[in-house]
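For reference, the structure is listed below as structure tokens.
Numbering (the working numbering), first residue to last: 5 to 976.
Below, the structure is given as structure tokens:
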């Protein structure tokens, strides 16, 4: 951080403007304010800029900066004159500045809200997106300082800079005068500017991960001279995997005469390597890492995988060591996997990277894996790799990232990469914590619309060492929001792999209707019961009896798949004993060939102690036979023989082990649920049928696939946020501003609450204080009978079950009697705090809440009032802004929803009116982020209309919106 020395500077150095950004090519740069200490850096930077770029900046030849220029460009007041620099290695690569101007175009101060802006980018760094990143940051700074509009004058020949402004997405005007293009644009973010910003963020972060996973050269630093040790192991894993790039072994203890280690060129330092190094795997103790980072940065290494431990996981000293590691690496534009990482893997044939501690390369496939800890990573890889003991087969891995302490590269970054990675069809993530729920939810929603995203969400804290806001939302609420974003939420690694393999091997089901068939009546009934428990709609099982032949299985499965009344089929199988019983390979081929006939429906197998069936099912779908070989009767038999099991155990990198790039019937980013997808090269590949050792595992995986497919269909038409003509947004803003002027944060009074909600078309039934019986009678006369008498003391509020409420009081006599009963039962009026309220129509009592969480954003919640929500936690949640579709689904998401729709013969209540209330609350908190909490309780939903009987609103200065600001990496 820089510290200004000029005593005339009007503001302290704004350290919160410092940020690390990912550039278009995946490298990083640091953005920070320019200070008086930067004079030499500025001069050096300017000397490296071409004459043409200088001409574009100053509209005339300008070979060098004068002393006056240097003073002007380094002395800022951080209000009316601001300069930012993008730096790499501590040196400037680009600058931007603004100067506040008045309506006459001359220098001015507030309240003038326009400024001139100008850029200069070093030629060597043009085309990296530096100017676009600087524009985002200088615009955010300007908005903070009360500037609402930028003006820029550009020479017509400076097409690159004109494009930077035009592509930013702001509302702008363009004119041409005196040979100069003048651009003026508002700085208020628009939907288009946010879309542009997020698209750039995705491309940059995906490119930064791609550089790590597809290096052309790798140096392993810390390779021991003797066999064993972490560095030597990783070097062996890279070599044995067949890494296609250049590989180097590095250790400063190597002798001058040592030229190779295990056939790999050996060097004492990265600096000694003659060619470029794209990725460095750092396997030295933590105390030696800083020197290694410096060597790598000076040599131009693009990224680091830091295996060393002793960082944030070890306590406060380690946490500071980790912060310094990230700051140090970012100085050179490098990104980090780790520290305390297990490593990264890329099985692509053109890369074959195993820069990890995994001794074996996973089988190539279509699944992307992310985990934080090495132990979880090992568990995931082994579950996918092995044949026995559960879900088996040859579905493999495209890429694998185990990020350790996740100090820099996180699950969000890897998700950006997988979003448009053509080699990944399904994403599996074990997230011990979610450091930025708002961003993850946004990325997850976009990814899930293209490919399945399955997540185990731990209940851990934020990543150690990260300067991120911690969410105050309960774990269950965050889980619900993830599901709303299309994430397939599961609870265990077993369920993660179960769901992932089904989604990687089979098409998405078109609905919840399930056919069950097999050779065991009891196993079929067990599967049927589990389907009902998971909310599926199974048909009674078809029992083929234990003597069923392969042809009978084939015929039954083919008939079920051809039946339009089924969306999926579960086949149950138990061992058959006796002469002529069906064999594993024969049964597997029968099922495979039947499934090939109708590729648009998923097929699952539940097998009990059939040691060879799962392997045979995988083998039966492993080859790419010709059309004639796949036809029944080809090759002299009804079903061709399966691939030899011996081929299963061969070299995992042989072509026979490679999965097809697309599998018939498997969803791709552009496929619609249930469609069949041909391969890119026109072959017809067999589908892989997942086999499960227990009915509950198969059914749970299918149920998750059904819910995800439904989400995909609904996401195609996401709904809209309705406009209501009676909403007074401006009046509400004025009221909120006046109330906030009283203090930083406050729960506003009853009258103010009613007034604010009224601005958004929400009426609250008045509750008049009744400190004495006479005042209660006067209040009832004012409101009109019948009335309710309520005790509002904290221990009695909303607790009708305790007797603190008297309803339907029709006249003064009943009111006075009820008042006497309450005071006799619960104490004097000053303790009871009784109120009188006009009776609302009878209905279902509900509760509506909205809260702004600093990490997740604004969340709208709904449930039934009382025990259902308070004791059982039966609440549903949606992110704000809520659409009409969201409101409809929100009501139906709680377990007690049947009470709203006529349970046990009761009359249905007015759910459209309730949905409208939810949408109005959503609009209120979305339009006014100062409204940080709203509670409406109870909301009585009658057969016609809703009645809000109680409301509280809390106001506070709104938390910063990270998703509306410029692109930044997590701060340290």
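All C-beta atoms in this analysis are idealised placements derived from N, C-alpha and C, irrespective of residue type, glycine included.
Could you spell out the range, first to last residue, of the beta strand (DSSP E) harbouring residue i?
| i | result |
| --- | --- |
| residue 122 | 118 to 125 |
| residue 225 | 221 to 225 |
| residue 358 | 357 to 360 |
| residue 766 | That residue, residue 766, is in no beta strand (DSSP E); it is neither H nor E in DSSP. |
| residue 32 | 32 to 37 |
| residue 866 | 861 to 868 |
| residue 951 | 950 to 952 |
Do residue i and residue j have their C-beta atoms within less than 8 Å of each other?
| i | j | result |
| --- | --- | --- |
| residue 845 | residue 949 | yes |
| residue 813 | residue 822 | yes |
| residue 225 | residue 284 | yes |
| residue 268 | residue 308 | no |
| residue 938 | residue 853 | yes |
| residue 919 | residue 901 | no |
| residue 401 | residue 373 | yes |
| residue 331 | residue 303 | no |
| residue 2 | residue 554 | A query on residue 2 cannot be resolved here, the shown segment of the chain reaching from 5 to 976 and no further. |
| residue 213 | residue 242 | no |
| residue 599 | residue 546 | no |
| residue 114 | residue 139 | no |
Compute the Euclidean distance between the alpha carbons of residue i and residue j, then round it to the nearest angstrom.
| i | j | result |
| --- | --- | --- |
| residue 874 | residue 850 | 11 Å |
| residue 972 | residue 313 | 26 Å |
| residue 571 | residue 518 | 6 Å |
| residue 126 | residue 763 | 53 Å |
| residue 811 | residue 818 | 10 Å |
| residue 273 | residue 708 | 51 Å |
| residue 163 | residue 156 | 13 Å |
| residue 351 | residue 423 | 18 Å |
| residue 82 | residue 336 | 27 Å |
| residue 504 | residue 429 | 10 Å |
| residue 694 | residue 447 | 29 Å |
| residue 479 | residue 492 | 16 Å |
| residue 494 | residue 460 | 5 Å |
| residue 601 | residue 445 | 38 Å |
| residue 530 | residue 754 | 56 Å |
| residue 773 | residue 832 | 14 Å |
| residue 573 | residue 848 | 40 Å |
Would you list the one or two residues that DSSP bridges to residue i?
| i | result |
| --- | --- |
| residue 339 | 307 |
| residue 404 | 349 and 373 |
| residue 283 | 222 and 307 |
| residue 99 | 89 and 124 |
| residue 269 | 264 |
| residue 132 | Residue 132 pairs with nothing; no bridge assigned. |
| residue 176 | 189 |
| residue 832 | DSSP, once it has assigned bridges, lists no residue as partnering residue 832. |
| residue 321 | According to DSSP, which records beta bridges pairwise, residue 321 is partnered with nothing at all. |
| residue 154 | 119 and 189 |
| residue 959 | 750 and 935 |
| residue 696 | 610 |
Ends of the alpha helix (DSSP H) at residue i?
| i | result |
| --- | --- |
| residue 365 | No alpha helix (DSSP H) contains residue 365, which DSSP labels as neither H nor E. |
| residue 292 | Premise fails: residue 292 is in no alpha helix (DSSP H) and is neither H nor E. |
| residue 382 | 378 to 389 |
Given a threshold of 16 other Cβ atoms within 10 Å of its Cβ, counted over all protein chains shown, does residue i qualify as buried or as exposed?
| i | result |
| --- | --- |
| residue 696 | buried |
| residue 558 | buried |
| residue 175 | exposed |
| residue 299 | buried |
| residue 177 | exposed |
| residue 75 | exposed |
| residue 975 | exposed |
| residue 778 | exposed |
| residue 511 | buried |
| residue 746 | exposed |
| residue 209 | buried |
| residue 720 | exposed |
| residue 271 | buried |
| residue 455 | buried |
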